[in-house]
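Participant: Chains A and B, in that order, are what the protein sequence lines are.
Residue numbers in the first sequence follow this note's numbering, run continuously in steps of one, and reach 164 at the last position.
Residue numbers in the second sequence follow this note's numbering, run continuously in steps of one, and reach 164 at the last position.
Mind looking over this structure? Questions follow.
There are 2 protein chains.
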Amino acid sequence: MITRFLVRHKMAIIYGSSLALLLFLLKWLEWRLVILDHAVQVYSGAIAILFTGLGIWLALKLARPKVKTIVVEKEVMVTRQPAGTINEKEITRLGLSTRELEVLHLMAEGLSNQEIAGRLFLSLNTIKTHSSNIFEKLDVRRRTQAVEQARKLNII
Amino acid sequence: MITRFLVRHKMAIIYGSSLALLLFLLKWLEWRLVILDHAVQVYSGAIAILFTGLGIWLALKLARPKVKTIVVEKEVMVTRQPAGTINEKEITRLGLSTRELEVLHLMAEGLSNQEIAGRLFLSLNTIKTHSSNIFEKLDVRRRTQAVEQARKLNII
DNA sequence: CTGAAAATCACCCGAAAGTATGACTCCACA
DNA sequence: TGTGGAGTCATACTTTCGGGTGATTTTCAG
């Protein structure tokens with residue numbers, strides 16, 4: 009219990025002791041100086057030097073080390089499918105229609121809905137409907153995810 | 009600004025305060041116990057405080073910052089393209105920064121800006137800025153095109 | 001220390017994307 | 001013959017994107 013307290017407040021105790029010691033020393037010096045009635049400058053100079061040293065010591069002792077965190081990205085191989093034609097089954101399983109597949113392809117090329125509409129001679133709304141259906145069937149919420157999913161499933 | 013200063017020099021401030029308090033206490037005790045000419049003591053106390061502060065300041069100012077480096081290894085999935093490493097040059101050629109590359113990766117995973125922001129602990133606006141810069145550097149206008157382009161150039 | 005680049009964040013605004021719902025046609029199939 | 005799926009289109013609405021601009025902070029090399 010007491011040991012723990014001592015350990016935990018080691019710094020405080022050390023400081024307190026040294027402070028007490030210093031004050032003692034000062035008292036003593038003061039006494040001598042009063043008797044000798046010597047220069048106050050010497051006295052204050054000593055104090056200044058001593059306490060400057062103390063300050064430096066404490067600062068160096070207590071200064072928090074800056075923590076710098078470096079994140080190293082470690083590459084990990086991921087197994088990629090042999091890139092063959094493993095797609096047809098998935099398409100039928102997901103129930104993607106021809107039109108939807110067309111739209112999905114154009115989507116994967118980065119075309120906007122408007123551009124897809126122009127390419128397929130359809131209205132913008134139709135493309136929106138198709139893409140909504142595609143998202144639902146692929147279980148995603150955005151075109152980018154749809155493309156990602158389609159790549160994973162090798163259906164494009 | 010001021011808050012930051014306080015935080016950074018917390019220890020110094022704490023020490024300074026406690027020192028001041030201690031001296032105060034000692035002075036008070038001394039004053040009560042001994043009715044003497046205490047001008048010298050006040051004087052030396054002031055000097056002590058001042059020069060301790062100076063010491064702390066000097067130490068904090070002059071000491072080389074202790075830097076503690078923590079290396080955190082972060083595993084990152086990487087799909088190694090069959091053609092080998094054809095990417096690094098393109099990245100530097102396009103001038104894509106680290107952050108931009110990160111955003112680009114998450115973009116390719118189909119995440120929305122909001123989700124990317126959450127993943128990287130950034131604000132939505134920051135992600136928007138990054139993606140805008142990415143689009144400009146890749147010479148595209150939409151995230152889907154950016155992903156497409158990135159795949160073509162093997163930089164993801 | 002200084003300046004440039006990178007990174008972060010904000011606000012505004014218009015465009016694009018996405019949701020929800022309904023309707024119409026065509027065509028195969030029971 | 002009518003039923004249902006696919007395809008088409010529309011309106012109205014909300015959300016997300018993307019462009020433009022400007023500001024501050026961090027980082028880093030000279």
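All residues carry an ideal CB built from backbone N, CA and C; glycine is no exception.
Given the structure is predicted, the values throughout are model-derived calculations rather than measurements.
Cβ of I94 of chain B less than 9 Å from any chain A Cβ?
Facilitator: With a pLDDT of 49 at I94 of chain B, under the threshold of 50, the predicted position of this residue should be treated as unreliable, though the coordinate-derived value follows. No, I94 of chain B lies away from the interface with chain A (no Cβ there is under 9 Å from its Cβ).
Participant: Give every residue of the same chain whose Cβ lies closer than 6 Å to the Cβ of L161 of chain A, excluding the five residues on either side of it in the sequence, and list them in chain order.
Facilitator: Correct list, in chain order: E98.
Participant: Indicate whether at least one CB of chain B lies closer than 9 Å to the CB of T11 of chain A.
Facilitator: Low confidence applies here, because T11 of chain A scores a pLDDT of 44, under 50, leaving its location unreliable and the question unanswered by this model.
Participant: Please identify the residue among A:G118, A:R150, A:R107, A:L128 whose C-alpha is closest to the C-alpha of H138 of chain A.
Facilitator: Comparing Cα positions, the closest option is A:R107.
Participant: Express the C-alpha separation of I135 of chain B and V155 of chain B in angstroms, rounding to a whole number.
Facilitator: 15 Å
Participant: One question on the structure: do T152 of chain A and G103 of chain B come within less than 9 Å of each other, judged by their Cβ atoms?
Facilitator: Against a cut-off of 9 Å, the Cβ pair of G103 of chain B and T152 of chain A comes out as no contact.
Participant: Would you give the residue range spanned by the alpha helix (DSSP H) that F129 of chain B belongs to?
Facilitator: Unbroken run through F129 of chain B: none, as it is neither H nor E.
Participant: Taking just the CA atoms, how far does I57 of chain B sit from L66 of chain A?
Facilitator: 13 Å
Participant: At a Cβ threshold of 9 Å, is E117 of chain B touching chain A?
Facilitator: yes
Participant: Run through DSSP, which three-state label would G63 of chain B get?
Facilitator: helix
Participant: R150 of chain B by DSSP, collapsed to three states: which one?
Facilitator: coil
Participant: Quick one: Cα of I164 of chain A to Cα of H113 of chain A, how far?
Facilitator: 7 Å
Participant: So with CB distances below 7 Å, who are the chain B contacts of T137 of chain A?
Facilitator: Here the premise fails: no neighbours, minimum Cβ distance about 19 Å.
Participant: Please report how far the alpha carbon of S140 of chain B lies from the alpha carbon of T100 of chain A, in whole angstroms.
Facilitator: Put simply, the backbone Cα of S140 of chain B is about 38 Å away from that of T100 of chain A.
Participant: With a threshold of 9 Å between beta carbons, is E2 of chain B in contact with chain A?
Facilitator: Residue 2 of chain B is absent from the structure shown; chain B starts at 9 and stops at 164.
Participant: Here's a check: name, in chain order, each residue in its chain whose Cβ is nearer than 7 Å to the Cβ of G53 of chain B, leaving out the five neighbours to either side.
Facilitator: L31, K35
Participant: Quick one: measure Cβ to Cβ for L62 of chain B and G63 of chain A, integer angstroms, because I've assumed they're closer than 8 Å.
Facilitator: 6 Å
Participant: Using 9 Å as the limit for Cβ to Cβ distance, is V148 of chain A near chain B?
Facilitator: yes
Participant: Could you tell me which chain A residues have their CB closer than 7 Å to the CB of Q153 of chain B, listed as they occur along the chain?
Facilitator: G118
Participant: Would you kindly check if the distance between the Cβ of Q122 of chain B and the Cβ of L109 of chain B is under 9 Å?
Facilitator: The answer is no: Cβ separation not under 9 Å.
Participant: Comparing alpha-carbon positions, which option in B:N95, B:L33, B:I55 lies nearest R159 of chain B?
Facilitator: Residue B:N95 is the option with its Cα nearest to R159 of chain B.
Participant: How would you write the range of the alpha helix (DSSP H) that E110 of chain B sits in, first residue to last?
Facilitator: 106-116
Participant: To the nearest angstrom, how far is it from the Cα of E144 of chain B to the Cα of T60 of chain A?
Facilitator: One alpha carbon belongs to E144 of chain B, the other to T60 of chain A, and they sit about 57 Å apart.
Participant: For M115 of chain A and S105 of chain B, what's the separation of their Cα atoms in angstroms?
Facilitator: Taking the straight line from one Cα to the other gives about 27 Å.
Participant: Which residues in the same chain have their Cβ closer than 8 Å to the Cβ of S157 of chain A, if we skip the five residues on either side of it in sequence?
Facilitator: What sits at residue 157 of chain A in the sequence shown is Gln, not Ser. So the list reads L146, D147, V148, once near-sequence residues are dropped.
Participant: My output table needs one value for L31 of chain B: the three-state DSSP class, helix, strand or coil.
Facilitator: Three-state result, L31 of chain B: helix.
Participant: Output, in chain order, the set of chain B residues within a Cβ distance shorter than 8 Å of S52 of chain A.
Facilitator: Y51, S52, I55
Participant: With a Cβ-Cβ cutoff of 9 Å, do R127 of chain B and S120 of chain A count as a contact?
Facilitator: Their beta carbons are not under 9 Å apart, which means R127 of chain B does not touch S120 of chain A by this criterion.
Participant: Counting only beta-carbon separations shorter than 9 Å, does A100 of chain B have a partner in chain A?
Facilitator: For the sequence presented, residue 100 of chain B should be read as Thr rather than Ala. With 9 Å as the cut-off, T100 of chain B does not count as an interface residue toward chain A.
Participant: Can you pull the chain B residues whose beta carbon is under 8 Å from the beta carbon of T60 of chain A, in chain order?
Facilitator: F59, T60, L62, G63, L66
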